[in-house]
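Student: Heads up: take any position in the first sequence, counting from 1, add 41, and you land on our numbering.
Shown below is the structure under consideration.
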Amino acid sequence: MKEMHTTYDPKDFEDRLYADWMKHNCFRAEIDPKKVPFTIMMPPPNITGQLHMGHAMDETMQDTVARFKRMQGYSVLWLPGTDHASLATEHKIVEALREEGTTKESLGREEFLRRAWAWKEKYGGRIIEQLKKLGSSCDWSRLAFTMDARCSRAVREAFVNLYHKGLVYRGSRIINWCPDCRTALSDEEVEHTEDAGNFWHFAYPVKDSEEKLVVATTRPETMLGDTAVAVHPGDKRYAGLVGKTVILPLVGREIPIVADEYVDPAFGTGAVKITPSHDPNDFEVGLRHNLPMIRVMNDDGTMNENAGEFCGLDRYEARKAVVAAMKERGLLVKIEPHTHNVGHCHRCHSAVEPLVSKQWFVKMAPLAKPAIEAVVKNKTKFTPDRFAKIYFNWLENIRDWCISRQLWWGHRIPVWYCEDCGETICEKEDPSVCPKCGSAHLKQEEDCLDTWFSSALWPFSTLGWPEKTPDLDYFYPTDVLVTGYDIIPFWVMRMMFSGIEHTEKVPFRDVLIHGLVRDEKGKKMSKSAGNGIDPLEIIEKYGADSLRLSLLTGVAPGNDTRFTTAKVEWARNFINKLWNASRFVLMNAEGAEAELNKRKFTPADRWIISRLMATIREVTLSLQKYDLGIAADKLTDFVWSDFCDWYVELTKPALYGDDPEKKRGALGVLLFVLDSVLRLLHPFIPFVTEEIYGYLPGKRGRIITADYPRYDSKLSYKKEAAAFEGIIGLIKAVRAIKVSVNCPPAKKVNLYLETEAKALITANRNSILRLAGASDIGFVESGAEAGEKTVSQVTEIAHIFIPLGELVNLEEERARLRKELDRVIGEIARAEGKLSNKSFVAKAPKKLVDDERAKREKYLDMKERIEHQLESL
RNA sequence: GGAAGUUUAGCUCAGCUGGGAGAGCAUUUGCCUUACAAGCAAAGGGUCAUAGGUUCGAGUCCUAUAACUUCCACCA
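This is the structure we're talking about:
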């Protein structure tokens, strides 16, 4: 037998074991008709990403589930991959180019993409290597990338299909435009913040009249694109003006005054300037009233030629200039401070400009409906289920999805335009001539697809769809998706409708939602705030197992959690405990295998095995419900309290004694429980359990491929275990008595017990002596036999008397007994209270009532004993 | 303006289908007891946010209220 080191040091084995697992293909998923598949698709991290605590938790949860299912005998596929992250990556490369003093335009598309791929090759694998440090047991042979040939093929197929069904269309609509990234964004990519601004009141002169119509705006520069002023149809103040026109100041354009329900007469001045090209509401009003759409802004946020004298100014300069010009003309009525919601680009955080632009959209209504139904009908279940409400909320209010991006890094939209006849061509194969006019002058669409368009196909594109691959057939639909609540709208929802649309199946049966990992103070960890904690540093210091365990314990599904090093230290301490308990067992086993001999079980053996069985049951059930935190709590509690603190101590008399039969019996149980515990813990702390498993005598193979322990009703020993709790209670009571009289722990005491459980106590005599710090046990008929100066305590199975001579202070002992008496009297009152309630006796389950009666009897007996003892003092 | 969540011991948080309040950390006391001081033993500490309701019985279910958090939303 190899010697285990005296202290737990993860550095000794984590890397070695990971390499060993890889070398022996332990993570590889095989198509095995005899097994049931279990599939998890890893949410692909961005190639620009660095591993952060959020990933660490997400990956740990997936790995824990994957390892659990693998041990349960499923053919587990956990498929890893990365996302090309169109905007984020392009942003990085553009920045790098800027530092070189060049631009993507001067580089050209082809060269830019070459640079992007090179960047991907260099940095894209970084996060993958970091995932391995955590112990992630994914099938690296199936590593995917959203822009690899497979996924790209799926994107093409999906887009073309949607196009021909009319679910993808091109149109001029109001979209969110980021002037810095110079691309359109989807609604989901816009973050709204409350920004302080102003409400500028402008007077527009009514044509052929002295009257002026006052409008209020938060974006004065857009007035240059006004094509109407709207008032509410029922607004008496403006009733006479509807149908007339105003002369738009600074521009001189004559624009109509229209009536529209959209206007809230109570807000502002009750008159709204309408700029259909630069505001979503105004766009709608413009459609209703057939207003012209005049764009006054360029893609880079500067004003265009329609802005007249303001042409070329940046939007914010233009804002100032417009206000100044209006003031100069005496048309600025007033300025009110006003805070309002402003959209910002989620990538660069500059203010988003709503503007009309020709873009590609996915028609959402027909896709949303079946996606909602699938969850209503429980084909896909959210855990916790409250997230279904959030999902519904999104899908029920969804608008068409803008999928075109004015970017180069990504899937180029597979659409060609005929330069001769104007035909739009969208087919699965690249066209060479126009099918309508035969022209060879075809030009491909310049735009790329939103990153999330390819992510939406992830559960099946990675398995080879649209090909009917064996993988797709065996592993799809997937079983569980593990992800944070923050990307339900970006990803979960889109995978749902995409999966249903393209494969006619829901992409996953369960969605396990987790919360955010926050810092010690509860703040969101972020790069800009500088409060992020690097998981790799924690692994370096404490090991991956400690990090993993700390991320899973004390966390309820879907709730945010705070990351504290105190918790990691707790986890490290727990693992150290496991390490040392294992070391203890193995030292005593001396390399010998030991058998479990049921006929030779001691009461303590039956107790720990009973507790083990209960733990197996609870942990397995919790894991099946994805209650990882509860499972981890139950397990660590069993290992530390029941196994280490009690059972290991209980076996010491046998191990150190000279009866080889007893020693062999104890070792059999110790090894059995240790082996079970290691396997139970393996999904949570894979490295250390694999390492210790290797030291177990007579073991073959690895724990990663071992069976998960199963509950065995023949080993449940419920009655025996309950009886044994009495021994534990007895030991605890003696310890407490010794502390209460300041008796040094090393000083052995004599125990006099008045009890009916003589057999049970005798059977555990040595354990009691050792754990309670006693020299002898004597059975008595009454406390008087124990002598004069005694301290006493009533427990479940015995009335304890300890003669402590000089240590006994009669006054203190009386006080202690009185306090105990008060407690017991309280208990009796509580039981009486319940039992005297006729409704309780009549309606509560019989067992409960019986239990209550039994308790009353027990406490009455205790009361009598304590009173008797008090009198005798 | 909608929606969701949170409120339990000094701190951070568990508490599944309603049946005598739990853990870790921190605190106090005593222990280097031949696996472990990254440890052992003992102890203190909670009208489970508030007010009602349902129930024999509520931390748990229902309704309001308050505070905090997050997400969504076009009032110019």
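Glycine is no exception: its CB is placed at the ideal position from the N, C-alpha and C atoms.
Tell me the DSSP secondary structure of F308 in three-state form.
Tutor: coil
Student: Opposite N791 in the DSSP bridges: which residues?
Tutor: When beta bridges are read from the DSSP output, N791 appears opposite D817.
Student: So, does the stretch 184-193 touch the stretch 353-366, judging by three or more C-beta pairs under 8 Å?
Tutor: no
Student: Could you tell me the distance, in whole angstroms, from the CA atom of R864 to the CA atom of T803?
Tutor: Each residue's Cα considered, the two are about 30 Å apart.
Student: Please report the distance separating the alpha-carbon of L408 from that of W435.
Tutor: 13 Å
Student: Spell out the partners DSSP gives I838 in its beta bridges.
Tutor: I838 is not bridged to any residue.
Student: Counting along the chain, where does the alpha helix (DSSP H) carrying Y667 start and finish?
Tutor: No alpha helix (DSSP H) holds Y667; DSSP gives it neither H nor E.
Student: Considering K564, what are the terminal residues of the beta strand (DSSP E) in which it resides?
Tutor: First-last for K564: undefined, no H or E at that position.
Student: Quick check on R647: buried or exposed, where buried means 16 or more other Cβ atoms within 10 Å of its Cβ?
Tutor: buried
Student: Please list, in chain order, all residues of the same chain as D236 whose beta carbon is under 6 Å from its beta carbon, the five residues on each side excluded.
Tutor: V383
Student: Would you kindly work out how many angstroms separate the C-alpha atoms of V209 and C179, rounded to a whole number?
Tutor: 35 Å
Student: Spatial neighbours of M42 within its chain, please: C-beta separation below 6 Å, excluding the five flanking residues on both sides.
Tutor: Confidence is the limiting factor: at M42 the pLDDT is only 45, short of 50, which leaves the residue's position unreliable, though a coordinate-based value still follows. The answer, listed in chain order, is G632.
Student: Taking only the alpha-carbon atoms, compute the straight-line gap between R191 and F79 and give it to the nearest angstrom.
Tutor: 22 Å
Student: Can you list, in chain order, the residues of its chain with a C-beta nearer than 8 Å to that of N239? Leave out the 5 residues immediately preceding and following it.
Tutor: T259, I376, E377, P378, H379
Student: Starting from the Cα of G505, find the closest Cα among L92, L120, A645 and give me that residue.
Tutor: L120
Student: Report back the beta-carbon spacing between A673 and F604 to the nearest angstrom; my notes put them in contact at under 8 Å.
Tutor: 16 Å between Cβ atoms; not a contact.
Student: Just curious, the alpha helix (DSSP H) that K916 is in, first and last residue?
Tutor: The chain is shown from 42 up to 914; residue 916 falls before or after that span and cannot be answered.
Student: Assign T796 to one of three DSSP states: helix, strand, or coil.
Tutor: In the displayed model, T796 falls within a strand according to three-state DSSP.
Student: Candidates M334, P333, I335, E358: which alpha carbon is nearest T343's?
Tutor: E358
Student: Could you work out which residue in C467, E829, L653, P507 is closest to N850 when comparing CA atoms only?
Tutor: E829
Student: Using C-beta distances below 8 Å, list every residue in its chain close to L721, excluding the 5 sequence neighbours before and after it, in chain order.
Tutor: T656, I657, V660, L676, Y749, P750
Student: Identify whether W181 lies in helix, strand or coil by the three-state DSSP scheme.
Tutor: Assigned with DSSP and collapsed to three states, W181 falls in helix.
Student: Just to confirm the assignment, what range does the alpha helix (DSSP H) spanning Q103 have?
Tutor: 94-112
Student: Starting from F200, follow the alpha helix (DSSP H) in both directions and report where the run begins and ends.
Tutor: 190-205
Student: Using the rule of at least 16 other Cβ atoms within 10 Å of the residue's Cβ for burial, across every protein chain shown, is L58 buried or exposed?
Tutor: buried
Student: Rounded to the nearest angstrom, what separates L593 and V558 at their Cα positions?
Tutor: Between the C-alpha atoms of L593 and V558 there is a straight-line separation of about 11 Å.
Student: Using the Cα positions of A137 and L490, report the straight-line distance between them to the nearest angstrom.
Tutor: 23 Å
Student: What are the start and end residues of each continuous alpha helix (DSSP H) run of 4 or more residues lying completely inside the stretch 496-525, in chain order?
Tutor: 499-502, 511-516
Student: Under 8 Å: do the stretch 82-91 and the stretch 165-172 share three or more Cβ pairs, one atom per stretch?
Tutor: The count of Cβ pairs closer than 8 Å, one atom from the stretch 82-91 and one from the stretch 165-172, reaches three, so the stretches are in contact.
Student: In terms of residues, what are the limits of the beta strand (DSSP E) holding V256?
Tutor: 253-258
Student: Three Cβ pairs or more, each shorter than 8 Å: is that satisfied between the stretch 571-580 and the stretch 618-630?
Tutor: no
Student: Go ahead and pull the three-state DSSP assignment for P472.
Tutor: In the three-state DSSP reduction, P472 falls in the coil class, being neither helix nor strand.
Student: Under the three-state reduction of DSSP, which class applies to S398: helix, strand or coil?
Tutor: strand
Student: Excluding the 5 residues preceding and the 5 following R336 in the sequence, name in chain order all residues of the same chain whose CB lies nearer than 8 Å to its CB.
Tutor: G266, S318, H319, N345, N347, L396, V397
Student: Whose C-alpha, out of G311, V304, G309, is nearest the C-alpha of D323?
Tutor: V304
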